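**Student:** Chains as they are written, first to last, in our numbering: chain U, 453 to 1167; chain C, 208 to 471. One structure, as structure tokens, below. Some questions next.
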């Protein structure tokens, strides 16, 4: 008896001691405790091959094209497994998402069919990694976890009779309770689950509302679905998820999509519960890469980051250095410049001389309640490119040398790409024109909206305009955008993933404009009417995403060639956007050059602008002027203001003739005039990844202020 | 002794029956549970960011009471009876419940049957190998292409434009041709003759003269090659079938009358 008592006491003693050591380890960082770290296993580094045995080798695969083909896709798609999508009424699965991308119709939570005009070439389901699959399990009353108090509000949330616009208030409320972390309560300190979470480095395991098995099975289903729908040569899928992090206090959006290069992936997504610091995500990606699994993470909605996405300091507020730059570029070669929640090329305040800067601007922080202004500086791509050059100038490395893609961020599994057939992206909350704010509210809906907007912590639910009361939901700043496009040899995972890594990518606002872009010193020797333009250009120059090294101070030449979307409007012009650091003044500068104009017009050599081609939109029926605009535009351009010693980047922007914006389409279809204060038309566009001109290494020594800090040199 | 106990039993039963027989809503008594109030107060708090004051709590409770009263009066008046929205919601609710039931794993026979019934789904598109001369709509394509076609037949060298997506396409399928050159252009590949100049064909980009050298007819692959996909599709179809079966089974119990003279 006494022996037994002693054994129990010893066990309790060891347990308490372990708890104590873990406590010290977690809240302290004295080196003695790090001995303990060797005993931890890292659950996020376990690699699983999710490939499915699928024989369809009989199918002919098109031959790879060494001159590369353009492929269009979406790398940002949510399904029911995302905590918010499920709350927004989405019950469609990853399988549904891939079927949609291949051209089949799927249903919106409000019941109507969504279908692509043309199938896409690649697609990746990227559900929020954080709490993936959990909300669905709360709602399903047959699971154990749904029996807990915190799961009650979710019970049978998406039963069909609740898939109504009227449930929007309840939904936004629940959405906020997840975001507000009210359900994220850990087990008490002594609980064995806490120890297990510690020893497997799996923090989420310590949360009461979390079930690891459910989580893993949702992730396994995402991976299975991707592998099952992958069809080399015809349709490519990627295993992926969204790392949904933000800065702590002001809620600066730091979301990223993590894309895997093969059928293999980690056993679970690495999420904001592991760390809210993106630099830790990159560390995890680096470790995973050592295990043979390559990933990239793609930042999005920098526009709603309140200046945090492209900051001039680290997450913790330290100075940037070359190590940071290398680590970021190793893991984040491309950035999503446009999506439903606005476009992040530039902002009118940042680029006052760019007449096309005021394009689909979303000026609030992502998910902020009430909507809160997002500071433009640090939030837009063009400025980040410039800041990257400044950082290089001060020998801190360039962490902002990324390529560009677009994607939609749809939460209803179906990418919304077409202005004339738009469903926005968050299901029941914005799936109809009244809630989106494009047509006046019916009287009976005014009150409902009030309740709904209260849930958004937005006291002013409607605005009174000439045609009536409009929803003040903020969705008017969203739009039908965008697409990720790559130049790749063939439509396979390997080939497309390599294009991401090379940054041989471009972004569009949903239209399928295609654009080639090369830089070199002997491109003018290429005959633009010969069949060998592209192969010669690859030979004589570099393409989008690359560096163009100084060659005896010669003036670089650029070859651009764009083709219209056969279903879209004709092309209006090609522009080259130049950004540089003036070596004399040390200041960043930018300039937009029109380099090719439609209808045989020529850019004015003084203003660098194309003359008006006369393309107009009839706002009463959205028809456009016929017979103006071009089916293709191509040119070779030389920078007239080139300075060999300036660090410079060049990227292409291709503009279509103007067409109706979705809000105008919505209004016309419902028999109204377009809502006042919104842009009635837009110019769909494409952006290439930049080409960076690298001058000769300058011998100017950089002396930091104070002169006490030794900056690392570039190797 | 036994008899006496039975009396109590019968009295109890009568009381019980009268109780459940009478609609408790008729009693004009309303019970508001603590939990209901607390959850409303919490919701209020999460929206506004502070606890409601006494006045506000009173208003919350008052709203709840009024809602309950109106609901009961509406039931009394039979307002739930002919309301299409309420009917539809209840209908949707039951179909949701039916959809939840899990289908059992399919047998080989199931899969073969499904494949036989749906093999069009697995059709592999025809594919073509061709090359083309392109005449851009930016440069008088109609006239130039018709002249070029005549020159080609007479072996005179011609002057065409480079096409954005290239000159030659190897094993490109019908669907891809449609997505890259447009629907009308793709139609020309149906029953196309090999090793012959064909054109000019118009596309959204201009005019083309094509030369097809190879063609693989579309076919339906053997089930063994698409087994996994068949299984996935079969399971999906089973979920849809579950609700349909339920409906069919019940539908037969109903006689349905629709006015054949209705004009819409």
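For glycine and all other residues, C-beta sits at the position ideal for the given N, C-alpha and C. Computed from a predicted structure; not experimentally measured.
Consider the Cβ of residue 374 (chain C): report whether some Cβ of chain U lies at a distance smaller than 7 angstroms.
**Tutor:** At least one chain U Cβ lies under 7 angstroms of residue 374 (chain C).
**Student:** Quick check: what's the CA-CA separation for residue 1050 (chain U) versus residue 891 (chain U)?
**Tutor:** 35 angstroms
**Student:** Mind the definition here: the region 655-673 of chain U touches the region 716-729 of chain U only if three or more C-beta pairs lie below 8 angstroms; say whether that holds.
**Tutor:** With a cut-off of 8 angstroms, the region 716-729 of chain U and the region 655-673 of chain U count as touching, because enough Cβ pairs lie within range.
**Student:** Taking the straight line between their C-alpha atoms, what separation do you get for residue 720 (chain U) and residue 897 (chain U)?
**Tutor:** 42 angstroms
**Student:** Is there at least one Cβ from chain C nearer than 7 angstroms to residue 701 (chain U)'s Cβ?
**Tutor:** no
**Student:** Within this structure, are the beta carbons of residue 1002 (chain U) and residue 573 (chain U) separated by less than 7 angstroms?
**Tutor:** no
**Student:** So, helix, strand or coil for residue 1167 (chain U), using DSSP?
**Tutor:** Any reading at residue 1167 (chain U) must be qualified, since the residue scores a pLDDT of 42, below 50, and its modelled position is unreliable; the value itself is stated next. The answer is coil: DSSP assigns residue 1167 (chain U) none of H, G, I, E or B.
**Student:** Let's see if you can read the secondary structure: which residues bound the beta strand (DSSP E) around residue 1014 (chain U)?
**Tutor:** From DSSP, the beta strand (DSSP E) with residue 1014 (chain U) extends over 1009-1015.
**Student:** Along the chain, where does the alpha helix (DSSP H) that runs through residue 1116 (chain U) open and close?
**Tutor:** 1114-1121
**Student:** Who are the Cβ neighbours of residue 352 (chain C) in its own chain at under 7 angstroms, not counting the five residues just before and after it?
**Tutor:** 342, 406, 407, 414 and 416
**Student:** Could you compute how far the alpha carbon of residue 336 (chain C) sits from the alpha carbon of residue 557 (chain U)?
**Tutor:** 30 angstroms
**Student:** Based on the DSSP secondary-structure assignment, which residues constitute the bridge partners of residue 1146 (chain U)?
**Tutor:** U:1001
**Student:** DSSP three-state label for residue 916 (chain U), please.
**Tutor:** strand
**Student:** Note the first and the last residue of the continuous alpha helix (DSSP H) segment covering residue 736 (chain U).
**Tutor:** 730-742
**Student:** With 7 angstroms as the threshold, decide whether the Cβ of residue 451 (chain C) is near any Cβ in chain U.
**Tutor:** no
**Student:** How would you call residue 1040 (chain U), buried or exposed, if buried means at least 16 neighbouring beta carbons within 10 angstroms?
**Tutor:** buried
**Student:** When the cut-off is 7 angstroms and only beta carbons count, does residue 437 (chain C) lie next to chain U?
**Tutor:** Taking 7 angstroms as the threshold, the shortest C-beta distance from residue 437 (chain C) to chain U does not fall below it.
**Student:** From what residue to what residue does the beta strand (DSSP E) around residue 1052 (chain U) run?
**Tutor:** That residue, residue 1052 (chain U), is in no beta strand (DSSP E); it is neither H nor E in DSSP.
**Student:** Cβ of residue 827 (chain U) within 7 angstroms of Cβ of residue 759 (chain U)?
**Tutor:** yes
**Student:** Using only alpha-carbon positions, find the residue among U:640, U:916, U:1142 and U:1011 that is nearest to residue 998 (chain U).
**Tutor:** U:1142
**Student:** Would you mind working out which of U:704, U:670 and U:493 sits nearest residue 648 (chain U), comparing C-alpha positions?
**Tutor:** U:493
**Student:** With burial defined as no fewer than 16 other Cβ atoms inside 10 Å of the residue's Cβ, what is the status of residue 854 (chain U): buried or exposed?
**Tutor:** Residue 854 (chain U) is buried by the Cβ-count criterion.
**Student:** Since residue 932 (chain U) and residue 1114 (chain U) should fall inside the 8 angstroms C-beta cutoff, what is the C-beta to C-beta distance between them, to a whole number of angstroms?
**Tutor:** 5 angstroms
**Student:** Determine the DSSP secondary structure at residue 555 (chain U), reduced to helix, strand or coil.
**Tutor:** coil
**Student:** Of the residues that make up the region 358-371 of chain C, which ones have a beta carbon closer than 9 angstroms to any beta carbon in chain U?
**Tutor:** 366, 367, 368, 369, 370 and 371
**Student:** If residue 849 (chain U) and residue 959 (chain U) are in contact, beta carbons under 8 angstroms, what's the gap, nearest whole angstrom?
**Tutor:** With a Cβ gap of about 25 angstroms, residue 849 (chain U) and residue 959 (chain U) do not count as contacting.
**Student:** Could you check if residue 266 (chain C) is buried or exposed, using at least 16 other CB atoms within 10 Å of its CB as the buried criterion?
**Tutor:** exposed
**Student:** Distance cutoff 7 angstroms, beta carbons only. Does residue 378 (chain C) sit that close to anything in chain U?
**Tutor:** Residue contact with chain U for residue 378 (chain C): present (Cβ-Cβ distance below 7 angstroms to some residue of chain U).
**Student:** With a threshold of 7 angstroms between beta carbons, is residue 412 (chain C) in contact with chain U?
**Tutor:** yes
**Student:** Using DSSP with H/G/I as helix, E/B as strand and the rest coil, what is residue 1154 (chain U)?
**Tutor:** coil
**Student:** Going by beta carbon distance, what residues of the same chain come within less than 6 angstroms of residue 1038 (chain U), once the five residues before and after it are set aside?
**Tutor:** Excluding positions up to five away in sequence, the list is empty.
**Student:** Which parts of the region 674-759 of chain U are runs of the alpha helix (DSSP H), unbroken and 4 residues or longer, counting only runs that do not cross its ends?
**Tutor:** 730-742
**Student:** Residue 986 (chain U) by DSSP, collapsed to three states: which one?
**Tutor:** Residue state, collapsed to three classes: helix.
**Student:** Do the region 1132-1151 of chain U and the region 1098-1113 of chain U meet, that is, are 3 or more Cβ pairs less than 8 angstroms apart?
**Tutor:** yes
**Student:** Among the residues of its own chain, which have a CB less than 6 angstroms from the CB of residue 702 (chain U), if the five just before and after it don't count?
**Tutor:** 758
**Student:** Would you verify that the beta carbon of residue 514 (chain U) is, or is not, closer than 7 angstroms to some beta carbon of chain C?
**Tutor:** yes
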